[in-house]
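Q:
There are 2 protein chains.
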Amino acid sequence: MKTSSPRTGRKQHATIREVAEMAGVSQMTVSRVLNRRESVKESTREKVEEAIQALNYRPNLLARSLAGGKSLFIGLIFNNPSNNYLGELLVGTLNRCREAGHHLVIEDFSTTARDKEIDALIERISGAGLDGVIVAPPISEDEAILSKLRQAGLKTVLIAPREPPANGVSVSIDDVAAADRITQYLIDHGHKRIAFVIGATDQSSSRRRYRGFDLAMARNGLSVDDNLVQQGDYTYRSGMLAGEHFFSLPDPPTAVFASNDDMAAGVLAAAQRHGLKVPDNVSIVGFDDTAIASAMWPQLTTVRQPIAEMGYQAVNLLARILSESEAKASERNLVLDVALVERDTVRRR
Amino acid sequence: MKTSSPRTGRKQHATIREVAEMAGVSQMTVSRVLNRRESVKESTREKVEEAIQALNYRPNLLARSLAGGKSLFIGLIFNNPSNNYLGELLVGTLNRCREAGHHLVIEDFSTTARDKEIDALIERISGAGLDGVIVAPPISEDEAILSKLRQAGLKTVLIAPREPPANGVSVSIDDVAAADRITQYLIDHGHKRIAFVIGATDQSSSRRRYRGFDLAMARNGLSVDDNLVQQGDYTYRSGMLAGEHFFSLPDPPTAVFASNDDMAAGVLAAAQRHGLKVPDNVSIVGFDDTAIASAMWPQLTTVRQPIAEMGYQAVNLLARILSESEAKASERNLVLDVALVERDTVRRR
DNA sequence: GTGAAAGCGCTAACAG
DNA sequence: CTGTTAGCGCTTTCAC
């Protein structure tokens, strides 16, 4: 890179000074209209805006941040670059960072298994002069790492953590409400014998999703047959096993709600092996809307988290707690709504 | 954000000036040791380095970029935030950007279908003052968009394009070599009757992967039975159909190579429906190592692209062509190696 | 309402 | 080998 001037485009970029000259005002005035601040006479504002147009002026973010003295350096900690999550999370996070003039520093904790490595990584990020960090799942459920982060004195925002942290800040979805909602969707489609596959016992979301299912059933006066609830572990295989069980029953369910998409795909495979057509003979829904949901056939009706939005909000939250003198426990645990994704695995009964 | 000072950490960050004072030298000297440039007397260098340590000094990237006048603004164009690709691509890209002090501006072309929208987006990014753009697949195969980008005068680097662009710059993998390699892997495991599922006809990678398969078979003196080559379209369903065909044959294959993971999953489903155990009775391999490859059971042996690395190199390439006066057609099309991911769907025969 | 001056933290260019 | 002088493009502070 031997470029001699910044932002080397084909045309040298206009600066605030040129705009000021052209409009016959001071840089300060231009800056004020840029930041839509306080009093600027309507007529001068117009002149300035014309000049901006004419010069195709764009403020230089670097200079702005440097002079302004705001502009945070935010770390994003994750542990699996091929996670479906990550792309979207980065999109939302990056977008907000750009808007607000912050800088995102990504930190890959993938290889982290042993304590020593964790320590090294934490050392690295706390030495990097980051203002705060956003922690993506599943690290946001990893108490070992979280506590070390806290010890290092880093401000953190957790994405979809196990529990809204007592004294922390997080953004998550309401698993209970989401599970309730998709169960209700099944019920609204005339299903009464609905089976459920529970997620991994070591993840808190499993319990919450089960609770949501239970709630919806109860509210509709539907009983939950013990035979129609199977323990899974969020893997395809466990879903398949659960399906085998359901479809071998003398009175099989007309619909199955699996706590994630992988298990739903497993249930589907089992159904097909039993000669059952989906959705004609049995309806299936999942949770998460990961890649497999649209890769399988028929495509899965499921529920999706607003992941990009979560990243976006996480940046906001972090910026807020960083600027607050501390305290103010309000709105520290943001809960976002999910969306129902209707595809091809549910049929009215 | 009402922070009054930049990089608001708990401790105010040290500046180059403080380091200079502490070491009893000028800022320039500190800057020189920071940039490990030219001649600095060993003894002064040491003094400076001590001061840096003592103050826990980190250079401010913003200031560096602003003063240095380098620092590019790079756009990354993609069209599917939940693409498996994207997370990793962003990781590599972002990492290199940070190292080099560049800035990444992400551009989502997801909703882009009609010409008008494309125009609007292109307008937006060419107005944004970007120095250049990196184009992720599958947009990198979209001639309509590519030509408009070119028209707008934007410098581009294509990731995994249809063909190495005649007059462009790209980073890709060698599909032929990769397909050849995994076919050879199957052959090395004693397979002779190997079936192949071709990818979508409208994607160039399909042809290349087929060629690689063919090459390996020919080199090993193995014939390719017409009955053992089926046309697919990169979907799960098409893989399943191909599998149905293969396993209904009087003399079914002992191994199947599907041109992507989704189709491989479909083949697996067909095998299981035919009562065939994988990998005991039949081996299966895929291509891409997307999420489904480790979600299915047994987990899929496949081939994986070094996606993060591709992003990293794309930034390098872009920076290079931006600084070159133009010309210099060498090394404009970087081809990276793939990795074989051995999992549980291949058995020695 | 608007402007002038003084930097943000760093590096380039030229002296010495 | 090292220091001085000028900024990078913007915002802040404080006058007017």
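Protein chains in written order, with the working numbering: chain Z, 1 to 349; chain Y, 1001 to 1349. Glycine is no exception: its CB is placed at the ideal position from the N, C-alpha and C atoms.
1) Nearest to Z/I74 by alpha carbon, out of Z/T111, Z/S283, Z/L130, Z/A195?
2) If we cut at 8 Å on Cβ distances, does Y/T1015 have a partner in chain Z?
3) Pairs of beta-carbons, one from the segment 1329-1347 of chain Y and one from the segment 1176-1189 of chain Y, closer than 8 Å: are there three or more?
4) Z/A327 to Z/A100, Cα distance in whole Å?
5) What residues are listed by DSSP as bridge partners for Y/G1132?
6) How would you call Y/P1250, buried or exposed, if buried means at least 16 neighbouring beta carbons within 10 angstroms?
7) Using CA atoms only, rank isn't needed, just tell me which of Z/T290, Z/P306, Z/I307 is closest to Z/Q299.
8) Give a yes or no on whether 8 Å exceeds the smallest Cβ distance from Y/G1075 to chain Z.
9) Quick check on the DSSP output: what are the complete beta strand (DSSP E) runs of length 3 or more inside the segment 113-176 of chain Z, in order along the chain?
10) Can you give the Cα-Cα distance for Y/A1271 and Y/M1263, rounded to whole angstroms?
11) Does any residue of chain Z bring its CB to less than 8 Å from the CB of Y/A1327?
12) Grab me the residues of Y/R1162's own chain with a C-beta within less than 7 Å of its C-beta, minus the 5 sequence neighbours each way, in chain order.
13) Do Y/D1288 and Y/T1301 have their C-beta atoms within less than 8 Å of each other?
14) Enumerate in chain order the residues of its own chain whose CB-to-CB distance from Y/A1242 is below 6 Å, with the five nearest sequence positions on each side excluded.
15) With a CB to CB cut of under 7 Å and the five nearest residues on each side skipped, what residues in its chain are close to Z/G239?
16) With which residues is Z/F257 paired in a DSSP beta bridge?
17) Please confirm whether Y/S1082 and Z/N333 have their CB atoms less than 8 Å apart.
18) For a contact defined as C-beta to C-beta under 7 Å, what are the partners of Y/Y1185 on chain Z?
19) Are the CB atoms of Z/V171 and Z/A319 nearer to each other than 8 Å?
20) Counting only beta-carbon separations shorter than 8 Å, does Y/L1086 have a partner in chain Z?
21) Nearest to Z/R219 by CA position, among Z/L61, Z/H13, Z/A23, Z/I187, is which residue?
22) Between which two residues does the beta strand (DSSP E) harbouring Y/H1245 extend?
23) Whose C-beta lies closer than 8 Å to the C-beta of Y/P1306 among residues of the same chain, with five residues either side of it excluded?
24) Check whether the Cβ atoms of Z/M22 and Z/L55 lie closer than 8 Å to each other.
25) Roughly how far, in whole angstroms, is the beta-carbon of Z/V387 from the beta-carbon of Z/A195, given that I think they are within contact range, below 8 Å?
26) In whole angstroms, what is the alpha-carbon distance linking Z/R348 and Z/P138?
27) Between Z/A291 and chain Y, is the shortest Cβ-Cβ distance under 8 Å, so that the two count as touching?
28) Span of the alpha helix (DSSP H) holding Y/R965?
29) What is the DSSP secondary structure of Y/T1183, counted as helix, strand or coil?
30) By the criterion of Cβ-Cβ separation under 7 Å, what are the contact partners of Y/M1296 in chain Z?
31) Could you tell me the distance, in whole angstroms, from the CA atom of Z/S280 to the CA atom of Z/G199?
32) Quick check: is the beta carbon of Y/G1129 nearer than 8 Å to any beta carbon in chain Z?
33) Identify the contact partners of Z/I106 in chain Y, using a Cβ-Cβ distance below 9 Å as the criterion.
34) Can you check which of these residues, Z/V133, Z/V282, Z/V91, is closest to Z/P252 by C-alpha distance?
35) Give me the subset of the segment 1157-1191 of chain Y whose CB atoms are less than 9 Å from a CB atom of chain Z, sorted by chain position.
36) From what residue to what residue does the alpha helix (DSSP H) around Z/E342 run?
A: Quick answer:
1) Counted from its first residue, the first sequence places residue 74 of chain Z at position 74. For Z/I74, the nearest C-alpha among the options comes from Z/L130.
2) Residue mapping note: residue 1015 of chain Y aligns to position 15 of the second sequence, counting from 1. Not closer than 8 Å to any Cβ of chain Z, the Cβ of Y/T1015 fails to qualify, so no.
3) yes
4) Residue mapping note: residue 327 of chain Z aligns to position 327 of the first sequence, counting from 1. Residue mapping note: residue 100 of chain Z aligns to position 100 of the first sequence, counting from 1. The predicted position of Z/A327 is uncertain, since its pLDDT is 49 and thus under 50; no value can be drawn from it.
5) By 1-based counting over the second sequence, the position of residue 1132 of chain Y is 132. The partner list for Y/G1132 (beta bridge, DSSP) reads Y/I1074.
6) Sequence index remark: in the second sequence, residue 1250 of chain Y carries index 250 (1-based). So Y/P1250 ends up on the exposed side.
7) Within the first sequence, the letter at position 299 stands for residue 299 of chain Z. Selected option, being the one with the closest Cα: Z/T290.
8) If you number the second sequence from 1, residue 1075 of chain Y lands on position 75. By this cut-off, Y/G1075 is not an interface position.
9) 132-135, 156-159, 170-173
10) Translated into the one-based positions of the second sequence, residue 1271 of chain Y becomes position 271. Translated into the one-based positions of the second sequence, residue 1263 of chain Y becomes position 263. When the Cα atoms are used, Y/A1271 and Y/M1263 turn out to be separated by approximately 12 Å.
11) Taking the second sequence and counting its residues from 1, the one referred to as residue 1327 of chain Y is at position 327. Confidence at Y/A1327 is low in this model, with a pLDDT of 49, below 50, so its placement is unreliable and no value can be given for it.
12) Locating residue 1162 of chain Y in the second sequence gives position 162, where the first residue counts as 1. Only E1141, S1204 meet the Cβ criterion.
13) The residue given as residue 1288 of chain Y occupies position 288 in the second sequence. The residue given as residue 1301 of chain Y occupies position 301 in the second sequence. No. Outside cutoff.
14) As a working note, residue 1242 of chain Y is residue 242 in the second sequence. Once the five neighbours on either side are set aside, the close Cβ partners of Y/A1242 are V1197, Q1230, G1232.
15) Here the question's residue 239 of chain Z lines up with position 239 in the first sequence. Counting only Cβ-Cβ distances below 7 Å, and skipping sequence neighbours, we find V197, G232, A258, D262, M263, A264, A265, G266, V267.
16) Counting from 1 along the first sequence, the entry for residue 257 of chain Z is found at position 257. DSSP output for Z/F257 lists Z/F196, Z/V285 as bridge partner(s).
17) Translated into positions along the second sequence, residue 1082 of chain Y becomes position 82. Translated into positions along the first sequence, residue 333 of chain Z becomes position 333. No.
18) By one-based count along the second sequence, residue 1185 of chain Y stands at place 185. In chain order: nothing, as chain Z lies at least about 22 Å away.
19) Here residue 171 of chain Z is taken as the residue at index 171 of the first sequence, counted from 1. Here residue 319 of chain Z is taken as the residue at index 319 of the first sequence, counted from 1. Pairing Z/V171 with Z/A319 gives a Cβ-Cβ distance that is not under 8 Å.
20) In the second sequence, the residue the question calls residue 1086 of chain Y occupies position 86. For Y/L1086, the answer is yes, since a Cβ of chain Z falls inside 8 Å of its Cβ.
21) Position 219 of the first sequence, counting from 1, holds the residue named residue 219 of chain Z. Checking every option, the nearest Cα to that of Z/R219 belongs to Z/I187.
22) Here the question's residue 1245 of chain Y lines up with position 245 in the second sequence. Careful: Y/H1245 lies outside any beta strand (DSSP E), inside the alpha helix (DSSP H) at 1236-1248.
23) Taking the first residue of the second sequence as position 1, residue 1306 of chain Y is located at position 306. Excluding positions up to five away in sequence, the list reads I1173, L1336, D1337, V1338, A1339.
24) If you number the first sequence from 1, residue 22 of chain Z lands on position 22. If you number the first sequence from 1, residue 55 of chain Z lands on position 55. Yes. Within cutoff.
25) Because chain Z here runs from 1 to 349, residue 387 of chain Z falls outside it and cannot be looked at.
26) Along the first sequence, read from residue 1 onward, the residue named residue 348 of chain Z stands at position 348. Along the first sequence, read from residue 1 onward, the residue named residue 138 of chain Z stands at position 138. The straight-line gap from Cα to Cα measures roughly 36 Å.
27) Along the first sequence, read from residue 1 onward, the residue named residue 291 of chain Z stands at position 291. It does; some Cβ of chain Y falls within 8 Å.
28) Nothing in the structure corresponds to residue 965 of chain Y, since chain Y is present only between 1001 and 1349.
29) Looking up residue 1183 of chain Y in the second sequence gives position 183. Of the three classes helix, strand and coil, the one that applies to Y/T1183 here is helix, per DSSP.
30) Here residue 1296 of chain Y is taken as the residue at index 296 of the second sequence, counted from 1. Neighbours of Y/M1296 on chain Z, chain order: Y236.
31) As a working mapping, residue 280 of chain Z is identified with position 280 in the first sequence. As a working mapping, residue 199 of chain Z is identified with position 199 in the first sequence. The sequence given here places Asp at residue 280 of chain Z; Ser does not occur at that position. If I take the Cα positions, the gap works out to 26 Å.
32) Indexing the second sequence from 1 puts residue 1129 of chain Y at position 129. Y/G1129 counts as touching chain Z.
33) Taking the first sequence and counting its residues from 1, one reaches residue 106 of chain Z at position 106. Ordered by position in chain Y, the residues that pass the 9 Å Cβ test against Z/I106 are L1090, V1091, L1094, N1095, R1098.
34) Counting from one through the first sequence, the residue named residue 252 of chain Z turns up at place 252. It is Z/V282.
35) none
36) For the purposes of this step, residue 342 of chain Z is identified with residue 342 of the first sequence, where counting begins at 1. From DSSP, Z/E342 is part of no alpha helix (DSSP H); its letter is neither H nor E.
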